[in-house]
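Below is one structure, written out as structure tokens, with a few remarks after it.
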Amino acid sequence: MSVEKELRDYLHANLKELNTKSRDIDLILYFYGFGKDLWPTLEDAAIEFNVGNSEGRRSERPRQILNSKFKKSAKLSDFSQLSKFSKYLNSSPVHSFEDLKKYMGIYGVFDGTQNIVALIRLLNDLGEAKEYEIYTVDFQELTRSKYSENSEVIVGTKSRVKFLQKAYKKSKTIPGLLGIAKLQYFMEDIDLEEIDTKIVLNAIKSHSDSWFYKHDGEDYYLFESRDNTIVNSLEKIKNITSEEDLDTLAIVLENSLRRRTAPKKRNYPPKEVIKQYLLRSKHTQIKSSIVHINVEPAELTDIERAVSKYLAESDVNDYPTISEYLISLDFEKPTIDKAVFHSPLIFVDKSQGRYHYRYRLVGKSVSSSELADEYEVFRQRLIKASSDGTDGANSVTTRKEHHILSQWLFEGKEKEHCAICKKEFSVKSLVTAHKKKRKDCAENERTDPHIVMPLCVFGCDYLYEKRMIYIESGVVIRSDYPEVGYGFELSYINEIKGNNIDARWLEGGDQYFPKPNKKKQADA
């Protein structure tokens, strides 16, 4: 039995048979969020049911009804479903949105819309769960203006959430001097329980400035709006040029990181990770193989100005000549070595061997780039649409994002193939399916057109969404789902398992195709 039905049955059984009984029941249910509004105020209830003095404090009458008809007499033990939820809530100092949603779904806590605020308000008014509060995914206290049917929230005690706030804040500082940090470094700095890790990781990924990438089994991340050595290098480069070859720029940035020793004996990101950042950063636009840098220029140091001016106005490309010139300007050798060997402004060509390095200014060999390809056009449209973040708080922005992704897959087409069963359908029978659940995507993944693929509504979309099938190394794999009750589904799965996914739907890499959670399958 749902909490709403429990509450309604209790009120019917305990309220006196008066003319206002039906209204009072509906008012109480409405106030706790079992109506058209998820989080109504007493004033809202007064207006909705036309009670109270319209010229005075209208909230007073609903308060009297709630107190006399419910709060003074009801106790938690009167509500079996709510009691079970209270026990579950108290089993941990903090709960993720995913775990709460799963619990409410399995045990039928709601008949329709899942409204966690309703449960906490009810428990609080019954004198329970006073230490628990509701927060946004980035650990801010939830307000009515931030809450909707699709809002992701966490529920936790103040002390635990305060600890997670500190951990989240710490996560933002780690990439600073490294440029792009391994997630492992954050885990090493903060001792977190499994549930804490899950919640903080979700907060990082939900941030509108987060960037994530998996390379060789390691998760890398940064926050693009934070002070960061790679972004700072791009800002310096912008003084010299707006464009550079992708591979060259990745080499320059990797080399520039080594002008100082990495903090805490950690490692700087490899060139491949830096390259992927340039491909998927909101600060860059790709035109053919050329990176167009979209940042404001940062101030150069005296020696950076001197060496860049010298290289721009001459054909010199060897270290002795460059060094001699800088010495003539009274710069000292250690400063010169750092400004030449590990500069964000200079590409060091090492192809001829150690004693034949050649040095050139960034952008000097780049001709005017071609027009951006279709992929980059759509990526930039998604970045623009997400200027306020695509974390789900703004449903208008989310719909705009989905529209762009659908255009990416289907614009100008009447037919397309389902990525999994490979059959051709009218585009009306295909959906824009996220390879990786949207809520698990970082900002750079949400704004990557390759995050979606076309799936048919005749089975593939459902099976993939429920992770009854998944994709590994480009092949459709059957999950370890229980066979009881899934006769037709399993027959269909046997038809499509082993299918090779077309290369165009594999763009973005294996990280976009997560394997199913074994524990969740066992629970199913």
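For the sequence shown, the working numbering assigns the number 740 to the initial residue and increments by one for each residue that follows.
Idealized CB from N, CA, C, for every residue including glycine.
Residue i versus residue j: straight-line alpha-carbon distance, rounded
i, j, result
"S1218", "S1230", "13 Å"
"E963", "D783", "41 Å"
"K1176", "R797", "45 Å"
"G895", "K921", "28 Å"
"H1141", "T1186", "10 Å"
"F1117", "N941", "26 Å"
"S1028", "L1018", "10 Å"
"I1061", "T1074", "13 Å"
"A1132", "E1184", "Below a pLDDT of 50, predicted positions are generally treated as unreliable, and A1132, at 47, falls in that range; the measurement from the model is reported next regardless. Distance between the alpha carbons of A1132 and E1184 is about 17 Å."
"D1041", "L1065", "11 Å"
"E1153", "K1004", "56 Å"
"L865", "K775", "23 Å"
"V1046", "P832", "57 Å"
"T780", "L805", "12 Å"
"E993", "N1233", "47 Å"
"E872", "H751", "30 Å"
"K1072", "R999", "16 Å"
"H1156", "S1212", "20 Å"
"L754", "M740", "20 Å"
"D1076", "Y1251", "42 Å"
"S830", "D763", "34 Å"
"Y846", "Y1203", "24 Å"
"A690", "D748", "Because the chain in this structure spans residues 740 to 1263, residue 690 falls outside the shown range and cannot be described."
"Y952", "Q923", "13 Å"
"D986", "I1025", "12 Å"
Cβ pair residue i, residue j closer than 8 Å
i, j, result
"L768", "F788", "no"
"V742", "F809", "no"
"V1087", "Y1094", "no"
"Y960", "P914", "yes"
"I1032", "K1010", "no"
"H946", "D877", "yes"
"L858", "F824", "yes"
"I1240", "I1216", "no"
"E1043", "L1068", "no"
"L917", "Y1007", "yes"
"K977", "P1036", "yes"
"S1082", "S995", "yes"
"L828", "E745", "no"
"L903", "V939", "yes"
"V1030", "L988", "yes"
"V856", "W778", "yes"
"P801", "A813", "no"
"K905", "D928", "no"
"E870", "K897", "yes"
Nearest-angstrom Cβ-Cβ length linking residue i and residue j, presumed shorter than 8 Å
i, j, result
"P1188", "A1158", "That belief does not hold up - the Cβ atoms of P1188 and A1158 are roughly 14 Å apart, past 8 Å."
"W950", "A1181", "6 Å"
"H1022", "V970", "7 Å"
"I893", "Y874", "5 Å"
"K1014", "R965", "Not a contact, Cβ separation roughly 21 Å."
"K1161", "N1238", "6 Å"
"E983", "V1079", "The Cβ separation is near 18 Å, so there is no contact."
"L862", "Y771", "Their Cβ separation, rounded to whole angstroms, is 10 Å, which puts L862 and Y771 out of contact at 8 Å."
Simplified DSSP state of residue i, which is helix, strand or coil
i, result
"L1169", "strand"
"A1037", "coil"
"E932", "coil"
"L750", "helix"
"P1059", "helix"
"F788", "helix"
"E1113", "helix"
"L777", "coil"
"I1066", "helix"
"D887", "In the sequence as presented, Asp is not what sits at residue 887; that position holds Ser. DSSP places S887 in coil when its eight states are reduced to three."
"H946", "coil"
"Q820", "helix"
"K1103", "coil"
"Y771", "coil"
"P914", "helix"
"P1073", "helix"
"N967", "coil"
"V1012", "helix"
"N978", "coil"
"F1080", "helix"
"T1129", "Its pLDDT being 44, under 50, T1129 is placed unreliably in this model, and the value from its coordinates should be taken loosely. Here T1129 sits in coil by DSSP."
"A920", "strand"
"D1219", "coil"
"G895", "strand"
Check: residue i C-beta below 7 Å from any heavy atom of the ligand FAD
i, result
"K908", "The model depicted lacks the ligand FAD and carries no ligand whatsoever."
Interface flag, residue i vs chain E, CB-CB below 8 Å
i, result
"K760", "Here chain E cannot be found, since the structure has a single protein chain."
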